[in-house]
Every structure is written in structure tokens, then in C-alpha cells.
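Shown next, in C-alpha cells, is the structure this report addresses.
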Amino acid sequence: VVMYESLLGLLGCSVEWWCVTSGDVRGCATALREGWNLIDEMCRDSIPLTLTHFERLLAIIATAVRHGQASLIVAEHVLFRMAAVDLVPSKRVLSLCCDIMASSIAQGTATPVIDAT
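The opening position of the sequence shown corresponds to residue 940 in our numbering, with each subsequent residue numbered one higher.
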């Protein structure tokens, strides 16, 4: 579990570097793909997912949103995955979601959702 937390942490730290060396599109896409791959690998190997794993994945998404390469919908997928393993969002998770929402609004990529139910 600790190894995966470390890998997600390193991945989050390297997003900015990848964006500088490879451009925003490739850098963010690589980080997001590898982050999801790690989460999927943990599920396949029956390794318990923790809040830290999801917090680090959301930090990667927040960076990608700031670079204009991800959206609020990606953060929603993280929350769905958390719910699937019965994890309640922490204050850090909610804070990252707020950062992602604010960045999405600033980038103009946030779209209002109307609940007609």
C-alpha cells in the first residue's frame, strides 16, 4: 500500500516536469493515464485503496486542469471510484475537488448541470 502511495506521490510531482519537457497535452495525459493504471492495478491485485491514493490522484487531476488538460468530470470519476470501495471523502478530497472546480470555471471548461428530477 505504501509503495503505491509513494508512486502516486512521485507521479503527482512529475506532472509539471512532463508538461515542461513534453508539452501540456502529452505531460498531463501521461500522468493521468499512469495514475489510473496504478489504481486499476491495485484493484486487480486486491490491494486496499485508501484516501491517500485518491487524494494523490486528485492532485494530479488538479494540475492537469490548471494546464487545461482535464475537467471536472475526471474528478467525478474519482469520487465514483471512492464510493465503489466505501470511502467517505476527506476534507482534503473535498478541497481538491473545489480547486478543480475553481480551475475549471477559470478555464471556461465547467458546464452547469441542471437536475430536472
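Quick reminder that beta carbons are idealized off the backbone N, C-alpha and C, glycines included.
- With 16 or more neighbouring CB atoms inside 10 Å of its own CB, Ile1000 falls in the buried class.
- Using a C-beta cut-off of 8 Å, the segment 983 to 1001 makes contact with the segment 1027 to 1038, since at least three inter-stretch Cβ pairs fall below that distance.
- Put simply, of Thr1002, Val1032, Leu1011, Val941 the residue whose alpha carbon is nearest the alpha carbon of Cys952 is Thr1002.
- In terms of Cβ geometry, Leu947 and His992 form a close pair [threshold 8 Å].
- For Leu1011, the enclosing alpha helix (DSSP H) has its first and last residue at 1011 to 1023.
- Straight-line spacing of the CA atoms in Asp979 and Ser1034 works out to 24 Å.
- Here Val1004 is buried. Its C-beta has 16 or more other C-beta atoms within 10 Å.
- Val964 counts as exposed, since fewer than 16 other beta carbons sit within 10 angstroms of its beta carbon.
- The DSSP-derived three-state label of Asp984 is coil.
- Taking 8 Å as the cut-off, the beta carbon of Met981 is found no closer than this to the beta carbon of Leu971.
- Just so you know, the alpha carbons of Lys1030 and Leu990 end up roughly 10 Å apart.
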